[in-house]
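>
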Amino acid sequence: MRSIQKYLGVSLAVSLVAVFFLQWLVVSVTLRHLSESGFKAHMEHNIENLLTGISFDTAGRLQLAPDRIETVYRRPFSGSYYRIASGDQTLRSRSLWDRDLPAIPDTAGGILTQHLTGPQSQPLIMHTRVFEWQGRRIVISVAEDLTPLEAEMREFRNRYALVSLAALVLLLALQAWLVRHGLRPLHRTRAELRQLEQGEVSRLSEAVPAELSPLVRELNHLLAAMTQRLARSRQALGNLAHALKGPLTLLTHQVEEEKSGAAAPRRAMTEQLQTMKHLIERELKRARLSGAALPGRRFDFAAELPALIETLKALYRDKPLAINLRMPAGVAFPADREDMLELLGNLLDNACKWGRREVLLEVAVTGSAVTLRVHDDGPGCPDASLATLAQRGTRLDESTPGQGLGLAIAMQTASDYGGRISFGRSEILGGFLATVHLPVANGDGNA
Amino acid sequence: MRLLVVEDDAALCASLEQALEHAGYAVDITGNGEDAEHLGDSEPYDAVVLDLGLPRRPGLEVLKHWRARGKTMPVIILTARDTWQEKVDGFKAGADDYLAKPFHFEELVARVGAIIRRRHGEPSGGIRTADLALDEEHQTVAYNGKTIALTGTEFRLLRYFMLHPGKILSKTELTQHVYDFDSDRDSNVIEVYIRRLREKLDPGVIHTRRGQGYVFGAKS
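Keeping their order, the protein sequence lines are chains A and B. Using the numbering used here, the first residue of the first sequence is number 163, and each one after it goes up by one. Using the numbering used here, the first residue of the second sequence is number 60, and each one after it goes up by one.
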């Protein structure tokens, strides 16, 4: 997909260059045309002036009154020339020296203007008129050197091009800035999306330009719908559990209390009730795993872990157990709170169950991952069983309820977040060690 | 010992009431959060069994409100969902223990006994004083090497005395902690039970403070 910024930039630049070139061309041509028109008017005037000085003597010879000859016509190669012809007689300006202007036949009608190369390779513009006077035809041609005009035109063109170029550069810079500025809401939205992923915000700001607004609104709508759906399904699960577990508790109690009747059917019923309980338990745990973080959720280790540890201390209050936490300050991780509590709760619960006097939770942040280590000082797990343990968690549906289900849930949660859990022996406390690696999407875990 | 059981499943609630009464507690029951909060505020319960999924007001909110108003009675929360989030939130809200459904009634009874004992500084085992040992399971008391059977009310009364040794207990207070809401609360009946306890044990076990009430175990 091409970049909008590049596309806008290039097309605006091309159109600007085209406009400037066209303008330069039109202005140059128009100006030249205007200058030549000025020249023509001037030459017309000269022709009229010469015409008033023309006369024929009694012998019928063509004559030009000397006082009608302007000085420029007397200086050789001055750039102003005339040529008057009538019949086979010709009068040339002194400025032509030994050269001549092209003869125009007196049959040519009206006014004639042409460009030609004059003496000393001067670019000339020649203006010719044919008059009829006293029964004779008189052809008056006046020529003017265009060199000064050409020079001026060239200079104008250069200067104009220079100014245009400067304006073009300025405009290009301006439009580049405008494009960038105009696209800034996109960058803002992109930054917000990143924040959303990090769980710092729960929805995108809708204060965006009209073009982006529908997109952002739809996105927010989707986010809300997703959050709501997940909340609703969890709520439904909770309700179902609640609705089923009450009667189940009661039924178990009643079967156990029922002293009359044979023991065998009672045992069978108890067994079935037990199975039902485990089935509900397992399916609930499986279903409630939400996978990756909900938008806008952020698990703040500093806020949540002490409460979790207090809970474990309360649950294991009859055991002389120290539960310690080693954690750098300000660790937060985009994850659902329930998932993270489930993951850590299960691992810590396991550690508390087996630990004798001490359990340690270490939290470490390395660039792109959060590492959680749960140590205990219990008997640990024989190396041979570690592999089996890891396998059991991979297939939740095969795991025996109760035993290892906690670890299985922890493993499932970690893998839903793109992480993994490994098991081993704790070098610090000598017991079991569970290590969880959770990758942090985009950037580090510190916030 | 008087308990409040808050559970919206009526059948389960009735069974719980029965089981806990059988274990020697005076039990009040309610099936919704609002009534539960009100009862907890107005009655001096020794412990509460609180379900989290309640109609009208969630159990967690009820518990938070009690704690915010300085109600310190021990509370066991019951939950159907059994997630760590619920456990953490429950303990954060001020719960003393946690039990996931489905549970065995024996487990609940044992835990109720445990949180009440813990509240009175008797962390484990039965309630005992220098010469008395209360057997909560059989509702008997061992005294001078003899095991003496107690009736339900006698047991509740003696347990309350043993948990508050040396403290002056008024007839009203004893009545409130020995009977549930629906019982006929005639405080004069307490005198009858105290006399019976004195007869079964030793007249010096419970002293009368005229105009104030009774003191257990203090030699005056």
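Idealized CB from N, CA, C, for every residue including glycine. Since the structure is predicted, the reported quantities are computational estimates derived from the model, not experimental observations.
Along the alpha helix (DSSP H) that carries B/S74, what are the first and last residues, could you check?
Its alpha helix (DSSP H) spans residues 69 to 81.
> Since B/H163 meets chain A, which of its residues come closer than 9 Å, beta carbon to beta carbon?
Under the 9 Å cutoff, chain A gives T411, T414, H415, E418.
> Look up B/D156 in the DSSP assignment and say whether it is helix, strand or coil.
If DSSP states are grouped into helix, strand and coil, B/D156 belongs with the strands.
> Helix, strand or coil, according to DSSP, for A/T550 in the structure here?
Note: A/T550 maps to helix in three-state DSSP.
> Can a CB atom of chain B be found closer than 9 Å to the CB of A/N401?
At least one chain B Cβ lies under 9 Å of A/N401.
> Taking the alpha-carbon of B/I174 as reference, which of B/A189, B/L158, B/T188 has the nearest alpha-carbon?
Closest option to B/I174, Cα to Cα, is B/L158.
> Nearest by alpha-carbon distance to A/K202: which of A/T252, A/T290, A/P267 is it?
Selected option, being the one with the closest Cα: A/T290.
> Using a Cβ-Cβ distance under 9 Å, would A/K421 count as near chain B?
No, because no Cβ of chain B sits closer than 9 Å to the Cβ of A/K421.
> Examine the Cβ distances between the region 135 to 144 of chain B and the region 490 to 510 of chain A and report whether three or more of them are shorter than 8 Å.
Touching, per the Cβ criterion.
> For B/H81, count neighbouring C-beta atoms within 10 Å of its own C-beta (all shown protein chains included) and say buried if the count is 16 or more, exposed if not.
So B/H81 counts as exposed.
> Whole angstroms is fine: what's the gap from A/A386's alpha carbon to B/V168's?
Cα to Cα, the separation comes out at about 44 Å.
> Per DSSP, what kind of secondary structure is B/H266 in: helix, strand or coil?
In the structure shown, B/H266 sits in a strand (DSSP, three-state: E or B).
> Is B/A189 close to chain A? Criterion is C-beta to C-beta, closer than 9 Å.
No, B/A189 does not count as interfacial toward chain A.
> Given a threshold of 16 other Cβ atoms within 10 Å of its Cβ, counted over all protein chains shown, does A/A494 qualify as buried or as exposed?
Buried is the call here.
> Residues in the same chain with beta-carbon distance under 8 Å from B/G149, minus the five sequence neighbours each way, listed in chain order, please.
Excluding sequence neighbours, B/G149 sits near L111, L119, L122, I136, T138, Y157.
> Report the option in A/A531, A/L522, A/A372 whose CA atom is closest to the CA atom of A/H537.
When only C-alpha atoms are compared, the closest one is A/L522.
> Give me the Cα-Cα distance between A/P496 and B/V64, rounded to the nearest whole angstrom.
Near 39 Å, if we compare the C-alpha coordinates of B/V64 and A/P496.
> Chain B partners of A/K108, CB-CB under 7 Å?
Residue 108 of chain A falls outside the range modelled here, since chain A spans only 163 to 609, and no answer is possible.
> Identify every run of the alpha helix (DSSP H) within the region 413 to 446 of chain A, keeping only runs that are complete inside it and at least 4 residues long; order them along the chain.
Here no run is fully enclosed.
> Can a CB atom of chain B be found closer than 9 Å to the CB of A/D538?
Not one chain B Cβ lies under 9 Å of A/D538.
> Between the region 525 to 550 of chain A and chain B, which residues of the former have CB atoms less than 8 Å from a CB of the latter, in chain order?
Within the region 525 to 550 of chain A, no residue qualifies.
> List the residues of chain A that B/Y84 touches, going by C-beta distances under 7 Å, in chain order.
Under the 7 Å cutoff, chain A gives no residues; its nearest Cβ is about 17 Å from B/Y84.
> With DSSP run on the structure shown, which of helix, strand or coil describes A/E589?
A/E589 falls in the coil class under three-state DSSP.
> Can you list, in chain order, the residues of its chain with a C-beta nearer than 6 Å to that of B/L222? Leave out the 5 residues immediately preceding and following it.
Taken in chain order, the residues that qualify are H179.
> Using only alpha-carbon positions, find the residue among A/N486, A/V532, A/F461 that is nearest to A/I471.
Considering only alpha carbons, the answer is A/N486.
> Considering just the uninterrupted stretch of the beta strand (DSSP E) at B/T206, what are its terminal residues?
Run containing B/T206: 205 to 208, per the beta strand (DSSP E) assignment.
> Distance cutoff 9 Å, beta carbons only. Does A/N486 sit that close to anything in chain B?
For A/N486, the answer is no, since every Cβ of chain B falls outside 9 Å of its Cβ.
> Closer than 8 Å: is that where the CB of B/T142 sits relative to any heavy atom of the ligand ZN?
As far as ligands go, the structure on display features none, and thus does not contain the ligand ZN.
> Using the C-alpha atoms, what's the distance from A/V602 back to A/S375?
Going by the C-alpha atoms only, they are around 30 Å apart.
> Per the contact definition of three or more C-beta pairs closer than 8 Å, is the region 235 to 254 of chain A in contact with the region 326 to 340 of chain A?
Segments in contact, no.
> Rank B/E165, B/N91, B/K205 by C-alpha distance to the C-alpha of B/E284 and give the top, closest one.
Only positions 60 to 279 of chain B appear in the structure, and residue 284 of chain B is not among them; the question remains open.
> Is A/G200 buried or exposed, if buried means 16 or more other CB atoms sit within 10 Å of its CB?
Classification for A/G200: exposed.
> Who does A/S395 pair with in a DSSP beta bridge?
In DSSP, A/S395 forms no bridge with anything.
> What in chain A is Cβ-close to B/K123, meaning under 9 Å?
By Cβ distance, chain A contributes nothing, its closest Cβ being about 14 Å from B/K123, past 9 Å.
> When you compare each of A/F239, A/S248, A/G241 to A/L213 by their alpha carbons, which one comes out closest?
Of A/F239, A/S248, A/G241, the residue nearest in Cα terms is A/S248.
> Pull up the distance between the alpha-carbon of B/D241 and that of A/M431, whole angstroms please.
Approximately 36 Å between the Cα atoms of the pair.
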